[in-house]
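Single-structure report; data block below.
Residue numbers (the numbering used here), protein chains in the order written: chain A, 1 to 138; chain B, 139 to 273.
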């Protein structure tokens, strides 16, 4: 029973981390500076006329599928915005340059391909709509 | 595609087994968990003993509609668990208790997060691993 305090501490730490991670996950953060520029040649697809939503996914990622369906369904209402999904593992150079650390990570790019905002984790539908409305203005 | 509730239920059972392992320091308990992780990691989570228990006793009592998920993310998590359990069993057999305790604690941390929060270990660890491995 000596390990009982350890177990209590472990479960408390894991819970604290779990709540923190859940709260942070999918939040769309607007980038004021350090905006990366992504070229269409790097993602193997044309950029959207107004904006591009660039999603990085991987094989061992359950929320990537939900993110794909959220993003593609929102984007279907905006003909000038394009949703592009790339496999992180096969684009490591880009992943390093953009500092992608986990999947799904979603970048919101303006018409020139400049990163305006970023979400780590699965973003919520209404937040995506909000971000798109903001993209139209930058 | 598998029932996404299965791996979370298995992670809950895994957490309980790992807690028992930490309390009893029994090589047999951690060995049983190692077998579960090994089958899950190499034969796939649906073929593991915990998945059998889930399908036999739990799933029939749950709703028929459920979220499905790709089998690869939980399989990756089982592989991570397998590696921790391997260190733990070496610690237990050689009576290197700090090794046993640290390895089992990491496995418990991850299993509990997976079970309670649906935490996706593959999302967080896989890409970092690939980035490190390919310098």
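Backbone N, C-alpha and C define an ideal beta-carbon position, used for all residues, glycine too.
Strand pairing of residue i, partner residues [DSSP]
i, result
"residue 118/A", "29/A, 107/A"
"residue 37/A", "114/A"
"residue 52/A", "82/A, 109/A"
"residue 206/B", "141/B"
"residue 57/A", "87/A"
Close-in-space but distant-in-sequence residues of the same chain around residue i (CB under 8 Å, 5 per side omitted)
i, result
"residue 111/A", "47, 48, 49, 50, 51"
"residue 118/A", "28, 29, 31, 105, 106, 107, 108"
"residue 70/A", "122, 123, 124, 125, 128"
Contact set for residue i: own chain, Cβ-Cβ below 7 Å, skip 5 residues either direction
i, result
"residue 129/A", "74"
"residue 66/A", "122"
"residue 78/A", "132"
"residue 185/B", "177"
Residue span of the beta strand (DSSP E) that contains residue i, given as start and end
i, result
"residue 46/A", "Neither: residue 46/A is in no beta strand (DSSP E) and is coded neither H nor E."
"residue 142/B", "Residue 142/B -> no beta strand (DSSP E), and no H or E assigned at all."
"residue 24/A", "Here residue 24/A belongs to no beta strand (DSSP E); instead the alpha helix (DSSP H) covers 4-24."
"residue 243/B", "No beta strand (DSSP E) holds residue 243/B; the alpha helix (DSSP H) holding it covers 235-255."
Residue i: first and last residue of the uninterrupted alpha helix (DSSP H) it sits in
i, result
"residue 69/A", "63-75"
"residue 220/B", "210-231"
"residue 129/A", "125-135"
"residue 263/B", "259-271"
"residue 175/B", "165-180"
"residue 188/B", "187-191"
"residue 96/A", "92-97"
Chain-order list of residues whose beta-carbon lies under 6 Å from that of residue i (same chain, five-residue window excluded)
i, result
"residue 159/B", "167, 168, 242"
"residue 271/B", "none"
"residue 222/B", "241, 244, 245"
Whole-angstrom C-beta distance between residue j and residue i, which should lie under 8 Å
i, j, result
"residue 22/A", "residue 255/B", "6 Å"
"residue 54/A", "residue 135/A", "The pair is not a contact, with the Cβ atoms about 12 Å apart (cut-off 8 Å)."
"residue 144/B", "residue 189/B", "6 Å"
"residue 95/A", "residue 269/B", "7 Å"
"residue 116/A", "residue 56/A", "Not really, about 16 Å apart at Cβ, beyond 8 Å."
Okay, do the region 233-248 of chain B and the region 83-92 of chain A touch, 3+ Cβ pairs below 8 Å being the bar?
-> no
Does the count of Cβ pairs from the region 208-218 of chain B and the region 258-269 of chain B closer than 8 Å reach three?
-> yes
Assess, as a yes-or-no matter, whether the region 172-182 of chain B is touched by the region 13-33 of chain A under the definition of 3 or more beta carbon pairs within less than 8 Å.
-> no
How do the region 227-235 of chain B and the region 197-210 of chain B stand: do at least 3 beta-carbon pairs fall below 8 Å, yes or no?
-> no
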